[in-house]
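Comments concern the structure below.
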Amino acid sequence: MAMLEVNDIHTYYGNIHALKGISLTVEEGEIVTLIGANGAGKTTTLRTISGLLTPREGSISYLGKDIVGTPAHKLVYEKMAMVPEGRGVFAKLSVMENLEMGSYSRDDKDGIARDLERVFALFPRLKEREKQVAGTLSGGEQQMLATGRAMMASPRLLMLDEPSMGLAPVLVDAVFDAIVEINKEGTTILLVEQNALMALSIANRGYVLQTGQIVLHDDAAELKNNEMVQKAYLGMD
Amino acid sequence: MKKTFTTKEIINKGLLAGAVVLSLSVIGFIALLAERELIKGWFSLGHIFLVASPFAFAYVTTRDMEYEGNAKPLQTGFIIGAVASIPLIVLSFLAVAIDIRQFLSNVSPALIELLTFGQTPVLGSILLLLLFGIIGVFAASFNIIPENIRHPLVNALVWTLGIATFSEILLSRVRSLLGRGLVKVIFSGKSLNPIFAIVFFAAVFGFTIWWDKRGDSFKEKLENLAPAKRKQLSQGQSILLMLVILFLPLILGSYLTEVANNVGIYILMGLGLNIVVGFAGLLDLGYVAFFAIGAYVMGVLTSEGALGLDAGFSFWTALPISVIVATLFGIVLGIPVLGMRGDYLAIVTLGFGEIIRVVAVSDLFKDTLGGAQGILQIPKPEFFGIELVQPGELYYVVLAGVLLAVFIATRLRDSRLGRQWMALREDEDVAEAMGMNLVSTKLMAFATGAAFSGLSGAIFASKLTSIFPHSFNLLISINVLSLIIVGGVGSIPGVFVGALVLVGLPELLREFAEYRLLIYGVLLIVMMLVKPEGLLPDQRKKRELKSEAELDWAEK
Amino acid sequence: MQERIKQIDFLGLILWVFRTAIIVAMLWGTIATVMDNPYSAKAWTDTIVAGIAQGSLYALIAIGYTLVYGVLFMINFAHGEFFMSGIMTATIFIAQPMSASGYLDRHPIIGLLIIAVVTMLVSIGIAILTERVAYRPLRGAPRLVPLITAIGASFFWQYFFQGLYGSEVKPFPQTDILTGKINIGGVEILKTQVIVIIVTVLMLIGLYFFVVKTKTGKSIRAAAENKDVARLMGIDVDRAITLTFTMGAAMAGIAGVLYALVFRQIHFFMGFFPGIKAFTAAVLGGIGSIPGAALGGLFLGIFESVGPGLFLEGLGVPSPHQLKDVIAFTMLVLVLIFRPQGILGEALAEEKA
Amino acid sequence: GPAGPSYECTDSIGCVTYGPEEPVRLASALVISGPNTDLGVDSQNGVEIAIDFKGDIAGHAIELQAEDDGCSAEGGQAAGQKIVSDPTIVGIIGTSCSGAGVPLSKVMSDAGYSMVSPSNTSPALTNPDSAWNPGYYRTAHNDKVQGKAMADFAFEVLGVTTAAAIHDGDPYTEGLARVFADNFEALGGTIVEFTAVNTGDTDMRPVLTAVAAAGPPELIYYPVFTAEGGFLTKQAKEVAGLEETILAAADGMISPAAVEAVGEAGEGMYFSGPDLGFENELYNTFLETHLEKYGTEPLSVFHAHAFDATNMILSCVEEVGVVDGEYLHVGRQALRDCLDATSGYDGITGTLTCNEYGDCADPQITVSQLTAGEYEVVWP
Amino acid sequence: MGIILSTKNVTKRFGGLIAVNSFEIDVKENSISSVIGPNGAGKTTFFNCITGFYTPTEGEIIFDENQHIQGLRPDQVTLKGISRTYQNIRLFSKMTAIENILVGQHRHLKTHWVEAIFKTKRFVKEEEEALEEAIRLLNFVGLNGLGDHLAHNLPYGAQRRLEIARALASKPKLLLLDEPTAGMNPNESIELMHFIRQLRDEVGITILLIEHDMKVVMGISEEIWVMDFGQKIAEGTPLEIQRNPKVIEAYLGSGAASGLNLEQGE
Ligand SMILES: Nc1ncnc2c1ncn2[C@@H]1O[C@H](COP(=O)(O)OP(=O)(O)OP(=O)(O)O)[C@@H](O)[C@H]1O
Ligand SMILES: Nc1ncnc2c1ncn2[C@@H]1O[C@H](COP(=O)(O)OP(=O)(O)OP(=O)(O)O)[C@@H](O)[C@H]1O
Ligand SMILES: [Mg+2]
Ligand SMILES: [Mg+2]
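Protein chains in written order, with this note's numbering: chain G, 402 to 638; chain S, 250 to 805; chain W, 124 to 476; chain B, 928 to 1307; chain F, 812 to 1077.
This is how it looks when you write it as structure tokens:
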């Protein structure tokens, strides 16, 4: 059974019908990416899975359980974590406190300490800035912090929403390296990216969204070579 | 979405309903209203409020419930009603056993008598339980009976109870318009005559059935009307509306006109504050300051008493001065707060409001402003030698002020300045980066708001012929703020609706006496929960496609 | 913003005149008063101590405002009613019967503790109920909307409790152990005032540590910043908010008990003015900041107490104490002109363009 | 309106006619909402009890329409307009607050009604050069009377020569304090400090310290209401220099709640107010009824004035009312004339006699002293 | 070609932090140029200094024939003819798209509010013309038909365009764009790139942008300045910049992320 199974979900913002029947699956250990134009519904999909939004129709099962209607904060205890669009670091809390919040759902002191080590190993920059208030970090540092913070929940499924947005190219490289690293350590990844080329180059599979619907689904390598994808999302003419 | 309820949940709902009516009882509300008979010899307003809570809970629960067959909801309704009576039953037994009154002074013998129907506690309790159960069933049945019966039934109930509740006001209108003879037919004392109530109920019921059947075709006809005809119709409507507004005092009679005048005073203030808060987004909690200034300037300039300036000012000559002084204060008080945002602004303006009031009441300016004793003997406005004394006459002064303010507010809103204010409200920094001068934009908002408020205050002073510093308290600021938000922030028609609801309605609820502000509080909460965007929210004007739509219209 | 206003010469001039006028008036008044020397040193210390005690009460209430503001960014107008409801109920159901039966005289400490606990519980209950019914459904609504429901709740509770317990002033029993004065470093201070100051300081320190150091405290701060992201951390935001209201109401409850001890009479309307003052204090200190609320409360209490005698008396103003609110609010304006974010407030994180 | 079968109304400003089984209708306009509720509710209780005691007039039951004066001018005006829009109302008991009384007096007078106030004390209301209107009466004491009585008592009986006066910005308290101060100085005393607090204040120590520093006076007069009065009394005892100072207040603080509010600190303090004739049998019955009906003792002192005010109107209605079979006709001017002629009327606040501008209160102000939780009349 | 904007020694300190450090650029009239640099380098701060949001701690900013604009308020800077967009979109969210553009025209509207009250001819005419112009701009940025929608209801890309339309409404001589393609996919970025070029060619304004998308930057810029820790570390044509080892180290990295093939040049 797949780790995450999303079945024909419809999500609304008031009257706006944002998701018009999205279905997707994520297997344990995979990197799956969602790509699509602005406003296609990528963020909405992640927010619906993570419990911040409730779909009006459809079902979502995670680790074999139906999770529609389960509030977001409970899902964290089921080892699902998400790095929201725009990073969302707690600006007035220090880097360390942000990381602590990441492990809010856990009690195992040893495990937390181990994961902290792991985060610092992955992002040595954060270690240097341990005491700094997160709001004063640079954009890239904030992105590292957001990813590191999600790792502190020691998730089985990590969802990332545009981790490369607004980052300098060097940092984009670093963040993607980190994602691959995290995945290697056993975390399943669901990745939303505008930088489709890079996303597809590290992913196993990909889904293409268009105005709230899935229009294409294939192995990442295939998608990269798909003409439509190349034209519409990779900017190759 | 329909839900299923467990028995425990249903019992909890019942208990919640019981808690609500228990609260209403122990604070004395029910007992007070029990003195107000609605239909002579049948039941009182107290009874209505007694059963309102179980009714509402039973209705809502059965509405949201998933069920098959009709027995389940009726049964649920009964349980909720019956359970709701338990707290009251406990209360009446307690009242017999110990002297609760030393703690809760409103648990009076009259209340207990009401709750036990004047019977022994045991018998009374059984009766109450049955009554509540039946009410629950009744409420549940609303979800079962077909729509074509339910709608007339609801209509008939609402209208009958409505006119019974406001019978006092109706009574005085009926008496002066229709004469004493009809009064006897409709009313019995202050309550409705049972026979009339039945007839009226049946009439509304019948009419609604007829309307439900025929109304659709009527509406269709209206919609199919030729555009020209439709235009005529809407023009006709506007003319009718204008006529009604013009002759309102004749329709309303003196008391309701007085109420309308008070509403008008608040509308004037509301229109001003709507510019400051609604358009420009500057949260002002001390708006009463300018109202007070307008009133005091009018008082000092025109009073015939010892404090008057005695410089030959009449209402009309003093009016512009009041407005100008208020406007100047708007600017002067505006300057120090230019750099403050959001809630900092709110509390500082609140402070200004208090400062003005405290200064007016203080011994410091006793010789000019009258201190605690206020200013008396302010003349009423004169119009070509006629003193405008009656509410029906003053109405036109208020109306003129309101119309002027609406006119100015609308024109400004649709101008560059109006857009500047809104931009300021949305994002101060970016607004500035668009090239606008924040200082003058903000000060214009404060000044215009203050001008309207000053105008309102000046009329207020002259209408009352006396002013006291205590009239200018924080509650006025709060009330004006509430009314623009309840009406729909930034919306000019919203100000009217808000003022009617928050000033007019409480005025009609005078009977509820000490519970008026309690009701006011509940009203604020409920309205915000139900319609957080306000009753008549601001509609942004269509501009891009307007011209085409208009073309469309003309072509047809 | 400050920076920019300075560039506007005309405006800067007016503000400068404004500030200078206030400061000159204050100085002039002070000098005139000091020259005239109407008060003994003892009178001054008494007035200051009274101001500190009053300010402590403001501080405790202000904390509730600040906590709620920090998390929900709303002015909780009903907070004064949380303060009133607890002590009203405890007085009617606990304190008065205890006093009538003589229990309070026999076991004053236990008695007062029971009163304090009941007060806090009732205040907390009212706060939670209010939050649940009037605020929670409006998460995400424009900010003015919960402000209006808060005003509604304030009216509702005032008149609810009036209906419940009646509108007359209720005496709060006097306890012998708290009657009289003690001598601290040569200054005679009322025992009740000492209690107020000590309890306030303890509560403030405790609360500060709770919010800054504990995991729960941090989760509240996190929820304050971004509710959705906090949820993604596993924080139950509704619970965090309830907890915030609980702490604020507990402080208000304590303030209620202290108020009753000092002033020994209570009333259904007693929450309104202290509520407004405390709110002012919270803003003065920098809304959102706990130490700020404490400092703002103290500042306000002292200025209200000392200000009329110090600034106005010398200027020959009749009945100067009538104008203490004018002093309080003028100080507020003065402070905010210099520091628009309040004494300890963080500079409104100017959104980066 | 149409009259009974055989009656012709000749009254210059009209008549009220009650048909068969129609109740005689009174209106009250008292403050029954907001922070001053106590005052109005207390008066309203007095009105209701008076109506209960009276029972009926010529077989017509008596009905009360209770309005709220909101203790404000606008509230008074609105209540007034509502009352005068009802032609079946024969008389008004109100208002509580002088501020509400000013516009209401004008409105009702213009419409031909009569009104008796249980608690307006502002001199302006019975001053023909200021806010007086025909048809206005009051059973409450003009501040001029009460303030002067206290000054006399203080100077002549207590023999104090220095005093301070404190008001709270309410017109009633400010008026009394000022009249007291003026009279006290006229008698040759010294007012060391005339000052004020605000309604809603709790911490009175600063102002009391200022009073102490100014003298300290031998007596402080603060004719305020229970809440502020309680604070002033208790805190005065704690301020250095005022330990020996005599405390005095007015009828706003004659109530069981005030006794409890001042607590031990109030022991021995003085109160000016009406002579409630505590030995008076009628008053005792009144108190019993009150306790039974409302579950509490009266909340302030104005129930007594309200009781008398109601009785004044009702007995005049009875006197001038023309019984015409089952009909009852009351001439509005006749009612005013009757009220004008009130003289030597025995009420629970004393013997009432109206002067030409409607001041009807017994000029006999008493001063009582709080001893062991009871008000003992000590003067005259 | 003349120089339209020239900054001399511009420095901005926040407490101890030097966000912009003696930064100097000369922007040529009617050119498209870019400022790039790592996150936190001080690019946005530099923009804020130019537009009056911040007063530079030191330095001069000279705009359009020797006008010194450092220290002016944002509204004054706008009146001189500079307008901008924001890194995080900042539209007037509860106003319609058209209204947003109308506000943008503030600089050119002259009627007094008194005229508005009396609806004078001049006022009516000016409003009509303003509306026409707004609709024209709306069409220009490709938002026809969306004019009556509230700004916050528009899709992200549309919001970006609307922000540009609003900036254009003040008829600026110089337009500053702060990461205009953030959050767009490569395809949309390329569209926007064409649009920017069209702007310069058809409207004839000078454009200075901050951008992290190297395809865009390299594709349209005529001149590039690279900023790191507030200082200029390189300047030149796209080709020069791509080859600059300092830039590669501090900013571009291996090139995988930027989609540029650094080894071979272009
Ligand atoms: N809070 C909201 N209220 C109303 N509509 C919204 C809201 N958030 C998103 N939408 C709409 O829902 C649709 C999907 O938006 P979503 O944010 O999921 O897109 P996305 O694929 O993540 O786009 P982007 O690449 O811009 O992040 C869009 O049409 C958007 O306008
Ligand atoms: N108002 C401020 N107060 C204090 N520090 C600030 C302020 N504004 C910016 N900074 C700091 O100045 C530095 C430069 O920030 P800036 O926003 O200019 O970077 P940037 O180059 O635009 O980065 P990015 O590419 O991530 O947008 C950062 O370290 C930032 O934290
Ligand atoms: Mg997205
Ligand atoms: Mg930037």
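Here a beta-carbon is modelled for each residue, glycine too, at the ideal position from N, C-alpha and C. Fair warning: this is a prediction, and the values are worked out from it, not measured in the lab.
Outcome for residue i when other beta-carbon atoms lying within 10 angstroms are tallied against a minimum of 16
i, result
"Tyr414(G)", "exposed"
"Gln481(S)", "exposed"
"Leu474(S)", "exposed"
"Gln595(G)", "buried"
"Gly1015(F)", "exposed"
Element boundaries [beta strand (DSSP E), containing residue i]
i, result
"Arg1065(B)", "Tyr1063 to Arg1065"
"Pro556(G)", "Per DSSP, Pro556(G) belongs to no beta strand (DSSP E) and is neither H nor E."
"Glu586(G)", "No beta strand (DSSP E) holds Glu586(G); DSSP gives it neither H nor E."
"Glu1034(F)", "Glu1034 to Asp1039"
"Phe633(S)", "Unbroken run through Phe633(S): none, as it is neither H nor E."
Inter-residue spacing [alpha-carbon to alpha-carbon] between residue i and residue j
i, j, result
"Gly1076(F)", "Val1058(F)", "In this predicted model, Gly1076(F) has a pLDDT of only 39, less than 50, meaning its place in the structure is not dependable; the value taken from the coordinates is given anyway. Spanning the two alpha carbons is a distance of roughly 14 Å."
"Ser904(F)", "Ile276(S)", "46 Å"
"Gly422(G)", "Thr445(G)", "12 Å"
"Ala993(F)", "Ser565(G)", "10 Å"
"Val371(S)", "Val339(S)", "11 Å"
"Ile708(S)", "Tyr644(S)", "11 Å"
"Val407(S)", "Gly295(S)", "16 Å"
"Leu270(W)", "Leu766(S)", "17 Å"
"Pro463(W)", "Phe196(W)", "17 Å"
"Ala535(G)", "Ala622(G)", "37 Å"
"Met124(W)", "Ala301(S)", "Interpretation of Met124(W) is limited by its pLDDT of 41, a score under 50 that renders its predicted location unreliable; the figure taken from the coordinates is listed afterwards. Each residue's alpha carbon lies about 54 Å from the other."
"Tyr162(W)", "Gly439(W)", "15 Å"
"Lys475(W)", "Asp678(S)", "Any reading at Lys475(W) needs caution, since the residue's pLDDT is 35, under 50, leaving its predicted position unreliable; the model's value is listed next. Roughly 10 Å between the two C-alpha positions."
"Asn850(F)", "Ile829(F)", "14 Å"
Segment limits, alpha helix (DSSP H) that includes residue i
i, result
"Leu1159(B)", "Thr1153 to Ala1163"
"Arg824(F)", "Counting along the chain, Arg824(F) falls outside any alpha helix (DSSP H), though it belongs to the beta strand (DSSP E) covering Ile814 to Phe825."
* Asked: Residues in the segment 435–449 of chain W with C-beta within 8 Å of chain B's C-beta atoms, listed in sequence order?
  -> When C-beta distances to chain B are compared with 8 Å, the residues of the segment 435–449 of chain W below that value are Glu436, Pro441, Ser442, Pro443, His444, Gln445, Lys447 and Asp448, in chain order.
* To do: Select from the segment 958–988 of chain B all residues with a C-beta closer than 8 Å to any C-beta belonging to chain S, and list them in chain order.
  => From the segment 958–988 of chain B, only Ile959, Ser960, Gly961, Thr964 and Val968 have a Cβ closer than 8 Å to chain S.
* Just by C-beta distance, which residues in the segment 447–461 of chain S are closer than 7 Å to chain B? -> Of all residues in the segment 447–461 of chain S, none has a Cβ within less than 7 Å of some Cβ in chain B.
* **Closer than 5 Å to ligand 1: residues, by C-beta to nearest heavy atom, in chain order** => Every residue with a CB closer than 5 Å to a heavy atom of ligand 1 is listed here in chain order: Tyr414(G), Ile417(G), Ala419(G), Asn439(G), Gly440(G), Ala441(G), Gly442(G), Lys443(G), Thr444(G), Thr445(G), Pro966(F) and Tyr967(F).
* To do: Return the residues of the segment 539–563 of chain G that lie within a Cβ-Cβ distance of less than 9 Å from chain F, sorted by chain order.
  => From the segment 539–563 of chain G, only Ser539, Gly540, Gly541, Glu542, Gln543, Gln544 and Glu563 have a Cβ closer than 9 Å to chain F.
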